[in-house]
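If you're matching them up, the sequences are chains B and A in order.
When we follow the numbering used here, the leftmost residue of the first sequence carries the number 26, and every step to the right adds one.
When we follow the numbering used here, the leftmost residue of the second sequence carries the number 26, and every step to the right adds one.
Single-structure report; data block below.
Number of protein chains: 2
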Amino acid sequence: MHPHEDSVLRPFYEPRGVAVVGSLKDVRGEAYTSIRNMLHFGFSGNIYPINPGYSEVMGIRAYPTVEDVEGPVDLAMVIVPPPAVPEVIEHCGRKGLRAVIVGTEGFAERGEAGARSQQQLVDVARDHGVRLLGPNTIGLVNTSNGLVTAPYWITYDTIRKGNVAYGSQSGFIGAQGLPLEDRAYPISKMCDFGNKCDLNEADLLEYLVDDPETKVISLHIEAVKEGRRFMDALRRVTARKPVLVFKTGRTEQGATAAASHTGSLAGSAQVCNAALRQAGAITVNTWQEMLDIPKVFAMQPLPSGNRVGVVTATGGVGVAAIDGAVQAGLVIARLSGPTVDRLKSLNPSLGRNPVDLGPTMVVAADPFAATEEAVRAVVDDPNVDCCLLVLPSGIDRWATATVEMFGRLRQRTTKPVSVYIYGTSVSVRDDVARQLDALGVPTYLELETAVRALGVAVEYARSKSRLAG
Amino acid sequence: MHPHEDSVLRPFYEPRGVAVVGSLKDVRGEAYTSIRNMLHFGFSGNIYPINPGYSEVMGIRAYPTVEDVEGPVDLAMVIVPPPAVPEVIEHCGRKGLRAVIVGTEGFAERGEAGARSQQQLVDVARDHGVRLLGPNTIGLVNTSNGLVTAPYWITYDTIRKGNVAYGSQSGFIGAQGLPLEDRAYPISKMCDFGNKCDLNEADLLEYLVDDPETKVISLHIEAVKEGRRFMDALRRVTARKPVLVFKTGRTEQGATAAASHTGSLAGSAQVCNAALRQAGAITVNTWQEMLDIPKVFAMQPLPSGNRVGVVTATGGVGVAAIDGAVQAGLVIARLSGPTVDRLKSLNPSLGRNPVDLGPTMVVAADPFAATEEAVRAVVDDPNVDCCLLVLPSGIDRWATATVEMFGRLRQRTTKPVSVYIYGTSVSVRDDVARQLDALGVPTYLELETAVRALGVAVEYARSKSRLAG
Numbered sequence: 026m027h028p029h030e031d032s033v034l035r036p037f038y039e040p041r042g043v044a045v046v047g048s049l050k051d052v053r054g055e056a057y058t059s060i061r062n063m064l065h066f067g068f069s070g071n072i073y074p075i076n077p078g079y080s081e082v083m084g085i086r087a088y089p090t091v092e093d094v095e096g097p098v099d100l101a102m103v104i105v106p107p108p109a110v111p112e113v114i115e116h117c118g119r120k121g122l123r124a125v126i127v128g129t130e131g132f133a134e135r136g137e138a139g140a141r142s143q144q145q146l147v148d149v150a151r152d153h154g155v156r157l158l159g160p161n162t163i164g165l166v167n168t169s170n171g172l173v174t175a176p177y178w179i180t181y182d183t184i185r186k187g188n189v190a191y192g193s194q195s196g197f198i199g200a201q202g203l204p205l206e207d208r209a210y211p212i213s214k215m216c217d218f219g220n221k222c223d224l225n226e227a228d229l230l231e232y233l234v235d236d237p238e239t240k241v242i243s244l245h246i247e248a249v250k251e252g253r254r255f256m257d258a259l260r261r262v263t264a265r266k267p268v269l270v271f272k273t274g275r276t277e278q279g280a281t282a283a284a285s286h287t288g289s290l291a292g293s294a295q296v297c298n299a300a301l302r303q304a305g306a307i308t309v310n311t312w313q314e315m316l317d318i319p320k321v322f323a324m325q326p327l328p329s330g331n332r333v334g335v336v337t338a339t340g341g342v343g344v345a346a347i348d349g350a351v352q353a354g355l356v357i358a359r360l361s362g363p364t365v366d367r368l369k370s371l372n373p374s375l376g377r378n379p380v381d382l383g384p385t386m387v388v389a390a391d392p393f394a395a396t397e398e399a400v401r402a403v404v405d406d407p408n409v410d411c412c413l414l415v416l417p418s419g420i421d422r423w424a425t426a427t428v429e430m431f432g433r434l435r436q437r438t439t440k441p442v443s444v445y446i447y448g449t450s451v452s453v454r455d456d457v458a459r460q461l462d463a464l465g466v467p468t469y470l471e472l473e474t475a476v477r478a479l480g481v482a483v484e485y486a487r488s489k490s491r492l493a494g
Numbered sequence: 026m027h028p029h030e031d032s033v034l035r036p037f038y039e040p041r042g043v044a045v046v047g048s049l050k051d052v053r054g055e056a057y058t059s060i061r062n063m064l065h066f067g068f069s070g071n072i073y074p075i076n077p078g079y080s081e082v083m084g085i086r087a088y089p090t091v092e093d094v095e096g097p098v099d100l101a102m103v104i105v106p107p108p109a110v111p112e113v114i115e116h117c118g119r120k121g122l123r124a125v126i127v128g129t130e131g132f133a134e135r136g137e138a139g140a141r142s143q144q145q146l147v148d149v150a151r152d153h154g155v156r157l158l159g160p161n162t163i164g165l166v167n168t169s170n171g172l173v174t175a176p177y178w179i180t181y182d183t184i185r186k187g188n189v190a191y192g193s194q195s196g197f198i199g200a201q202g203l204p205l206e207d208r209a210y211p212i213s214k215m216c217d218f219g220n221k222c223d224l225n226e227a228d229l230l231e232y233l234v235d236d237p238e239t240k241v242i243s244l245h246i247e248a249v250k251e252g253r254r255f256m257d258a259l260r261r262v263t264a265r266k267p268v269l270v271f272k273t274g275r276t277e278q279g280a281t282a283a284a285s286h287t288g289s290l291a292g293s294a295q296v297c298n299a300a301l302r303q304a305g306a307i308t309v310n311t312w313q314e315m316l317d318i319p320k321v322f323a324m325q326p327l328p329s330g331n332r333v334g335v336v337t338a339t340g341g342v343g344v345a346a347i348d349g350a351v352q353a354g355l356v357i358a359r360l361s362g363p364t365v366d367r368l369k370s371l372n373p374s375l376g377r378n379p380v381d382l383g384p385t386m387v388v389a390a391d392p393f394a395a396t397e398e399a400v401r402a403v404v405d406d407p408n409v410d411c412c413l414l415v416l417p418s419g420i421d422r423w424a425t426a427t428v429e430m431f432g433r434l435r436q437r438t439t440k441p442v443s444v445y446i447y448g449t450s451v452s453v454r455d456d457v458a459r460q461l462d463a464l465g466v467p468t469y470l471e472l473e474t475a476v477r478a479l480g481v482a483v484e485y486a487r488s489k490s491r492l493a494g
């Protein structure tokens with residue numbers, strides 16, 4: 026059986042054809058731009074523009090209604106004024122569609138009248154056997170087939186295909202809000218839940234648990250709609266794949282703002298971080314963590330213990346890294362005798378963890394070779410379960426040397442590493458980070474995220490073996 | 026009287042002439058590069074290379090010893106092997122210098138023998154009336170006179186002159202470790218304390234309290250040497266200028282690492298964050314906060330209350346911003362009637378705080394004008410004491426429009442604002458942030474830092490009025 030055979034999200038993510046219903050004028054936020062994005066990202070299925078005023082747009086035939094399309098249509102992206110949405114859902118139902126994304130805004134997020142209109146969408150959809158994503162959403166991304174429904178023009182050519190799935194209650198997380206090109210997050214699927222009038226996080230989890238493209242899931246949630254079902258799904262998924270959750274609306278005032286944003290009812294007090302962790306989820310506290318930490322799971326093996334080795338080119342950052350590691354639940358590894366000997370042969374001052382290479386790099390005949398040997402020594406140590414590396418970029422040949430070093434090292438280790446890159450040029454750091462990420466070495470531009478990534482990997486490995494054991 | 030007349034740090038920061046003692050080969054970490062940096066940054070005083078094997082370097086006359094220099098010398102930067110340092114200090118003392126930076130490594134940070142050698146430096150210096158910075162330091166930066174003592178080549182042309190002083194126990198904070206050009210931190214003075222065998226944070230605070238170039242001070246500390254004196258100095262300075270402190274070595278393991286890094290004895294348990302706050306300091310938790318938050322003080326007025334107005338182009342980030350603001354001790358402002366009316370005339374859905382412009386930007390005839398009017402309305406509101414603005418870059422003309430808007434707005438307000446810039450391109454975001462910073466609008470690339478900056482401004486304003494009252 027196809028892994029997604031019975032999932033309600035299958036026609037959303039894997040449609041043979043997509044109808045895009047709405048304005049075909051070249052205006053931001055309209056159907057035109059959804060179509061343009063799908064053409065741009067090479068969507069592998071058929072695209073059907075739907076608008077009675079057009080016979081063609083961007084060289085593609087347009088149709089008056091969804092029912093007029095001859096070929097198979099599995100998904101509709103709908104961006105028409107609120108009062109027109111129910112009729113479009115009816116058309117979709119009669120055409121046999123089971124999947125409709127309502128991009129249109131102006132429903133439950135606008136108070137009681139909007140909430141009533143939203144309920145009407147749900148009723149019409151149920152009557153016609155249609156499932157809804159949204160309203161008030163930019164929809165989906167699937168890097169396997171080039172599906173990008175966002176009605177905002179995406180200015181870059183590729184979204185890097187990878188193993189991280191992102192789900193969010195904000196368009197911010199979508200392809201037009203994130204530096205997906207610069208930072209090159211390795212993405213399998215994205216989903217903006219919008220107001221969650223029907224489908225929600227639980228459905229996404231149930232789809233992704235079997236998705237072979239997805240190794241790790243990262244969710245932003247303002248309020249959970251179906252608490253028990255979500256927790257059940259979370260428990261099932263986290264036994265197999267890590268799930269990170271960034272919960273906003275954590276404060277009373279934040280929850281009020283969430284009600285205006287996506288019409289979510291609070292309920293946030295019930296589903297707190299402790300409950301999420303109980304279900305095996307990893308809770309994170311910032312957008313940056315939600316976006317950046319999944320890389321460690323997508324690229325690296327799970328650690329078999331909690332002992333961290335730190336190799337740093339600058340002692341001051343090493344001290345801060347040790348603080349961060351302890352606070353993230355890691356234990357500072359006690360280096361074994363042979364490792365101490367290897368390090369002392371580089372420089373008699375070495376041998377402790379963190380390995381502060383600063384003075385060695387100044388006196389070494391070849392500081393790059395010394396750094397590589399120190400990293401190898403620590404990675405090889407049987408007392409070390411994971412490694413944090415703090416390396417410079419942008420001084421002398423460090424940028425190139427660092428990338429070359431990891432080209433040689435990456436075959437070698439079955440232990441997770443994370444890298445913090447510092448230096449005098451943001452653009453050089455960003456460039457080195459992208460190259461190391463491409464080699465499968467998760468690289469961060471903030472020390473705290475690099476440390477936290479290892480802490481989170483240890484936390485998940487432990488929770489997974491607890492759930493399995 | 027000159028404000029620094031009686032400060033021991035005056036000859037360090039304002040020397041008429043600097044002797045640079047050590048190797049004049051073009052090698053990283055040596056005297057040669059210190060000299061090259063001072064030439065590069067246009068040091069306004071005289072530079073005297075000191076090395077018996079040279080008569081000239083980079084077109085400047087060299088001298089065998091400091092005593093051979095004819096002109097006035099107020100400061101020496103010394104990078105010679107550890108056993109040779111005491112004699113150089115003697116020469117300096119006999120020449121009448123009161124200020125010596127010992128860049129050389131290999132003292133207390135290398136254990137007991139190193140600690141004994143370090144004590145010898147202190148004894149020799151005291152005998153000759155010389156004060157020491159270091160050892161194990163890259164020294165100082167003073168943007169007023171182009172003094173940059175670091176013996177590592179700094180790859181960019183200017184360090185932006187401004188009102189923030191940074192002091193640290195790590196060379197990481199120095200001009201060769203930070204993206205000072207890309208991020209354009211507005212700097213007055215920098216100081217790497219190194220092992221603090223003599224001068225320490227208390228001396229820096231006593232110098233900076235009267236420094237007209239310095240509006241805000243940001244310190245990284247591994248361990249405080251003279252606790253009571255430091256706390257007294259802190260209390261005096263924070264009554265006049267904000268002081269941020271990033272304390273590392275907070276965990277037992279971190280404190281052990283600090284001992285290896287700068288030979289600091291722990292003592293960290295005694296001087297905890299609570300004590301620092303009691304003395305009026307602002308404690309921060311990451312390098313990024315230590316570096317980035319001072320901008321809000323350097324560029325903006327202090328808030329007269331704790332009520333924040335949030336204007337955001339994306340609702341999801343607005344919710345997270347409200348959470349962050351509440352956690353940072355801010356109160357979410359209740360917008361006044363006239364403000365609500367102004368906002369509703371832009372779009373009937375507006376009127377609440379956070380002001381979520383997302384839907385308005387889609388339907389507005391001119392989304393830039395609508396954004397500017399919304400920002401003006403919130404900034405003008407008498408119920409609002411400070412503003413957080415969440416704005417896009419890199420979509421359509423947003424980058425340019427945002428910079429132009431702040432060009433018009435900046436004259437207008439006596440309330441502090443901070444800006445979080447998001448978008449699809451890291452380099453565009455960085456560029457917009459630099460332009461806004463140059464306009465005096467503190468701009469951040471992480472939401473959490475932008476929110477925290479306002480929280481910290483409110484915390485300091487409150488603590489200052491408490492100390493004054």
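Just so you know, even glycine gets a beta-carbon here, dropped at the ideal spot from N, CA and C.
On a predicted model such as this, the values are computed, not experimentally measured, just so you know.
Length of the line joining the Cα atoms of residue i and residue j
i	j	result
B:Ser361	B:Asp406	7 Å
A:Pro378	A:Gly341	Before going further, note that residue 378 of chain A is Asn rather than Pro in the sequence given. Whole-angstrom Cα-Cα distance: 13 Å.
A:Val387	B:Ser195	15 Å
A:Ser418	A:Gly432	16 Å
B:Gln145	A:Thr339	26 Å
A:Arg477	A:Ile179	31 Å
B:Arg491	B:Leu375	37 Å
A:Ala264	A:Lys489	6 Å
B:Asp455	B:Asn170	28 Å
B:Tyr210	B:Lys320	7 Å
Beta-carbon spacing of residue i, residue j below 8 Å
i	j	result
A:Arg260	A:Gly305	yes
B:Val113	B:Val98	no
A:Arg156	A:Ala124	yes
A:His286	B:Gly343	yes
A:Thr337	A:Val453	no
A:Asn408	A:Arg487	no
B:Val147	B:Lys120	no
B:Gly139	B:Ile163	no
Proximity test, Cβ basis, 8 Å: residue i and chain A
i	result
B:Val387	yes
B:Val342	yes
B:Ile307	no
B:Pro204	yes
B:His65	no
Where residue i falls, given that 16 or more other Cβ within 10 Å makes a residue buried
i	result
B:Glu473	buried
A:Cys216	buried
A:Lys272	buried
A:Gly192	buried
B:Asp31	exposed
Residue i at chain E interface by Cβ criterion, 8 Å
i	result
A:Trp423	This model lacks chain E altogether, as its protein chains are B and A.
Neighbour flag for residue i against chain B, beta carbons, 8 Å
i	result
A:Pro379	yes
A:Ala282	yes
A:Leu472	yes
A:Gln460	no
Sheet register partners of residue i (DSSP bridge)
i	result
A:Asp217	A:Ser193
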